[in-house]
Amino acid sequence: MDLLRKAREEGGTVDLNALIEAIPYAKFLGITVDQKGTEITTVLNFEEKLIGNPVLPALHGGVIGALLEMTAIIQLAYDAKGDALPKPIDITVDYLRSGRPIDTYARARVTKHGRRVANVQVEAWQEDRMKPIAAAHGHFLLAPPPESTQDAAG
Amino acid sequence: MDEDKLTKMVEESGNALIQHVPHARAIGLKIVTAKKSHAWLEVPYAPHLVGNPDTGVIHGGVITTLLDNASGVAVQLALPERSAIATLDLRIDYMRPAEPGKTIKAHAHCYKVTQNVAFVRGTAYHDENEDEPIATSVGTFMLAANRATPVAMAAQMAKALEAKDNKKGDA
């Protein structure tokens, strides 16, 4: 992505709101980024179209999974030195509480940032950070930094 | 209900199951067909579902939603009667990127139901190529999720109490 390449070339950080703007599915879900220094919190702004269970009502489990995956991708895009977005290899989502029809927040922690693969843990919550509604862990394939060669040790 | 009747019912009116789900409508999710413990769903390609603007590939979250929903429907079709269910966990393995422009299909199979939990496997693929998956999933669902005491358990408790009362009567 141009904006990732630009950030790397200029040695600056990635403009995360511009990144979100460039990802159609993130815009569709209504995800925004709340950045305080290096701390990144994603916000899933509640809309009726995110409902999966109209009886309760509750957010669609897939939407919560999507938020967790997107949060991991944004965190890795911010940390990484590649030009392309990281690709998910696998993600496991534990659903802890039903997602109420209000805003949801998520934060990712990169457990291990390897050369090719990163292991990430993500947690989503609503009003109370101590009461997460879902947690996920997953592996992501990282785009190699452009100057690296295939057989470089590492 | 016999299996052919169930399949026919789902093909004719199965989308009634998900039509009232706002998010299913928002992404164009459809139930294609079904039989006992099995569900086939699909989501058509759409620009607003793209996760990587460089490649036009649909975001993994859409595949999570598709497999989660397909798994939930498969669980419903494995149960003797409609029950409130909740996803406990769902693991998705991404094997290859979905091809831009193509509908993504999913097949979920609920292969085991216990008193409280249902176990489901799923596959996402293009066309009829289920053996060349885009992604596979495995998930567990809690049954009778939104009640304080599941019905089956309540029945069991009533039975236990009854047995206890009878014993008292004998003494």
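Note that the protein sequences, when read in sequence, are chains A and B. Each residue of the first sequence is one higher than the one before, starting from 1 at the first, in UniProt numbering. Each residue of the second sequence is one higher than the one before, starting from 1 at the first, in UniProt numbering. Virtual Cβ for every residue (Gly too), placed ideally from N, Cα, C.
Query raised in the report: Going by other Cβ atoms of all chains shown within 10 Å of its Cβ, with 16 needed for buried, is Lys-112 of chain B buried or exposed?
Result: Classification for Lys-112 of chain B: exposed.
Query - Residues that Lys-49 of chain A contacts on chain C, provided the C-beta gap is smaller than 8 Å - result: Checking the listed chains, one finds no chain C in this structure; the protein chains it contains are A and B.
Query raised in the report: Glu-123 of chain A lies in the beta strand (DSSP E); which residues open and close that run?
Result: In the DSSP assignment, Glu-123 of chain A falls within the unbroken beta strand (DSSP E) covering 117 to 125.
**Report entry** Run of the beta strand (DSSP E) containing Leu-44 of chain A, from where it starts to where it stops
**Finding:** Looking at the DSSP string, the run of the beta strand (DSSP E) that includes Leu-44 of chain A is 39 to 44.
Query raised in the report: Looking at C-alpha atoms only, which residue of A:Ile-64, A:Asp-83, A:Pro-101 is the closest neighbour of Thr-92 of chain A?
Result: Looking at A:Ile-64, A:Asp-83, A:Pro-101, the one whose alpha-carbon comes closest to that of Thr-92 of chain A is A:Ile-64.
Requested in this report: Could you work out which residues of chain B lie near Val-33 of chain A, taking near to mean beta carbons separated by less than 7 Å?
Outcome: Near Val-33 of chain A there are no residues of chain B at all, since even the closest Cβ is about 16 Å away, more than 7 Å.
Query raised in the report: Is there a Cβ from chain A that is less than 8 Å from the Cβ of Arg-91 of chain B?
Result: Yes, its Cβ sits closer than 8 Å to a Cβ of chain A.
**Report entry** Uninterrupted alpha helix (DSSP H) stretches inside the region 2 to 61 of chain A (no shorter than 4 residues)
**Finding:** Listed in chain order, they are 2 to 9, 16 to 22, 24 to 29.
Requested in this report: Answer with yes or no whether the minimum CB distance from Asp-131 of chain B to chain A is below 8 Å.
Outcome: Residue contact check for Asp-131 of chain B against chain A: no CB pair falls below 8 Å.
Query raised in the report: Mind checking whether the beta-carbon of Ile-92 of chain B lies closer than 7 Å to any heavy atom of the ligand ADP?
Result: Looking for the ligand ADP in the displayed structure turns up nothing, as the structure carries no ligands at all.
Requested in this report: Check Thr-111 of chain A in the structure and name its three-state DSSP category.
Outcome: In the structure shown, Thr-111 of chain A adopts extended strand secondary structure according to DSSP, grouped into three states.
Query - Contact list for the region 90 to 117 of chain A against chain B, Cβ threshold 8 Å - result: Cβ contacts with chain B come from Asp-90, Ile-91, Thr-92, Val-93, Asp-94, Tyr-95, Ser-98.
Query raised in the report: Counting only beta-carbon atoms, is Gly-30 of chain A nearer than 8 Å to chain B?
Result: Not one chain B Cβ lies under 8 Å of Gly-30 of chain A.
Query raised in the report: Do Leu-29 of chain A and Leu-50 of chain A come within 8 Å of each other at the CB atom, strictly closer than that value?
Result: Cβ atoms of Leu-50 of chain A and Leu-29 of chain A: closer than 8 Å.
Query - Extent of the continuous beta strand (DSSP E) run through Pro-88 of chain A - result: Where Pro-88 of chain A is concerned, the enclosing beta strand (DSSP E) stretches over 87 to 95.
Query raised in the report: Start and end of the alpha helix (DSSP H) containing Arg-25 of chain B?
Result: In this chain, the alpha helix (DSSP H) harbouring Arg-25 of chain B covers 22 to 27.
Report task. Decide yes or no for the touch test of the region 112 to 122 of chain A against the region 72 to 79 of chain A: beta carbon pairs closer than 8 Å, at least 3 of them. Result -> As far as the Cβ criterion goes, the region 112 to 122 of chain A touches the region 72 to 79 of chain A, which means the pair count is three or higher.
Query raised in the report: At a Cβ threshold of 8 Å, is Glu-69 of chain A touching chain B?
Result: With a threshold of 8 Å between beta carbons, Glu-69 of chain A makes contact with chain B.
Requested in this report: Could you check how far apart the C-beta atoms of Val-33 of chain A and Asn-45 of chain A are, in whole angstroms? I think they sit under 8 Å.
Outcome: Not quite, the Cβ-Cβ distance comes to about 11 Å (not below 8 Å), so this is no contact.
Requested in this report: Taking only runs that begin and end inside the UniProt domain "Thioesterase" (56 to 130) of chain B, name each unbroken alpha helix (DSSP H) of 4 or more residues, in chain order.
Outcome: As far as the UniProt domain "Thioesterase" (56 to 130) of chain B is concerned, its whole alpha helix (DSSP H) runs of at least 4 residues are 60 to 78.
Query raised in the report: With 8 Å set as the bound, which would you pick, yes or no: does the beta-carbon of Val-122 of chain A sit closer than that to a beta-carbon of chain B?
Result: Output row for Val-122 of chain A: interface = no.
Query raised in the report: Run through DSSP, which three-state label would Leu-68 of chain A get?
Result: Judged by DSSP in its simplified three-state form, Leu-68 of chain A adopts helix.
Report task. Identify each residue in the region 36 to 48 of chain A for which the Cβ-Cβ distance to at least one residue of chain B is less than 7 Å, and report them in chain order. Result -> Residues of the region 36 to 48 of chain A with a C-beta less than 7 Å from any C-beta of chain B: Glu-48, listed in chain order.
Requested in this report: Give the C-beta separation of Asn-15 of chain B and Lys-30 of chain B to the nearest angstrom, bearing in mind that I take them to be a contact with Cβ-Cβ under 8 Å.
Outcome: Yes, Asn-15 of chain B and Lys-30 of chain B are in contact; Cβ-Cβ is about 6 Å, under 8 Å.
Query raised in the report: Mind pulling the chain B residues with CB within less than 9 Å of Ala-84 of chain A?
Result: What Ala-84 of chain A touches in chain B: Asn-52, Asp-54, Thr-55.
Report task. At 8 Å on the CB atoms, spell out the chain A contacts of Pro-47 of chain B, in chain order. Result -> Here the neighbours are Pro-24.
Query raised in the report: So, helix, strand or coil for Pro-44 of chain B, using DSSP?
Result: Here Pro-44 of chain B sits in coil by DSSP.
Query raised in the report: Is the CB-CB distance between Thr-103 of chain B and Pro-44 of chain B below 8 Å?
Result: Contact flag set, yes.
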